[in-house]
Amino acid sequence: MNNQKVDTELLLSLELTKTEREKSLDLGVGYDALFEEWEVIVKYSGDLAPIEQELSVRITPLLNEYAILRVRENQLEQLVQYPQIEYIEKPKALVLEEMEGIRASCMNSVRLPPYSLTGSGVVIAIIDSGACVLEMQNADGRTDE
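Using our numbering, the first residue of the sequence shown is number 1039, and each one after it goes up by one.
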């Protein structure tokens, strides 16, 4: 399947053997080997009901014409052919995304020994220009410290 509607990472995942896919940290994300199904994110326009009925896929609608579809691997080629489907991609591994954010924030040096800081017990307050001082006072006018 070589279609511009399909994310390159999903295309790469489909080219791998099941064993290779299982060994990868992120290329197997979204694949259920037991049922040979993919959980994919689609951008669509129009009505997904015909796809749901004809392919017997499970659809979880999201906002702004996005949805999560659970579709058998051998039906992905058919799914691409529907004019309602604008784009298909596989989900991402959020743990890896979180770690990338931590790395980019340059916080690793304080998270590791000898500091081992976690942020646990730290209180953060954000005061917006629309905040009212009275909202931060007790009924008797005192503030908690």
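Heads up, the beta-carbon is just placed ideally off N, CA and C, and yes, glycines get one too. Please read all numbers here as calculations on a predicted model, not as lab measurements.
Expressed to the nearest angstrom, what Euclidean distance is found between the alpha-carbon atoms of residue i and residue j?
i: Ile1089; j: Tyr1120; result: 8 Å
i: Ile1106; j: Leu1114; result: 13 Å
i: Ile1097; j: Glu1138; result: 30 Å
i: Arg1149; j: Val1160; result: 14 Å
i: Pro1129; j: Leu1101; result: 16 Å
i: Leu1054; j: Pro1152; result: 42 Å
i: Asp1045; j: Ile1162; result: 39 Å
i: Arg1110; j: Glu1075; result: 4 Å
i: Ile1164; j: Asn1041; result: 47 Å
i: Arg1059; j: Asn1112; result: 16 Å
i: Val1067; j: Val1080; result: 15 Å
i: Arg1108; j: Leu1065; result: 17 Å
i: Cys1144; j: Leu1086; result: 44 Å
i: Thr1156; j: Ala1142; result: 16 Å
Is residue i near residue j, with beta carbons less than 8 Å apart?
i: Ala1071; j: Lys1061; result: no
i: Lys1043; j: Ile1126; result: yes
i: Tyr1069; j: Ser1083; result: no
i: Leu1063; j: Ala1131; result: yes
Go ahead and pull the three-state DSSP assignment for residue i.
i: Lys1081; result: strand
i: Glu1190; result: No answer is possible for residue 1190: it lies beyond the span of the chain, which begins at 1039 and ends at 1183.
i: Glu1127; result: strand
i: Asp1067; result: The identity of residue 1067 in the sequence shown is Val, whereas the question assumes Asp. Of the three classes helix, strand and coil, the one that applies to Val1067 here is coil, per DSSP.
i: Val1044; result: strand
i: Ala1163; result: coil
i: Leu1049; result: helix
i: Pro1088; result: helix
i: Leu1114; result: helix
i: Val1109; result: strand
Should the region 1117-1131 be called in touch with the region 1084-1102, which here means at least 3 C-beta pairs below 8 Å?
-> The region 1117-1131 makes contact with the region 1084-1102: 3 or more CB pairs, one atom from each, lie closer than 8 Å.
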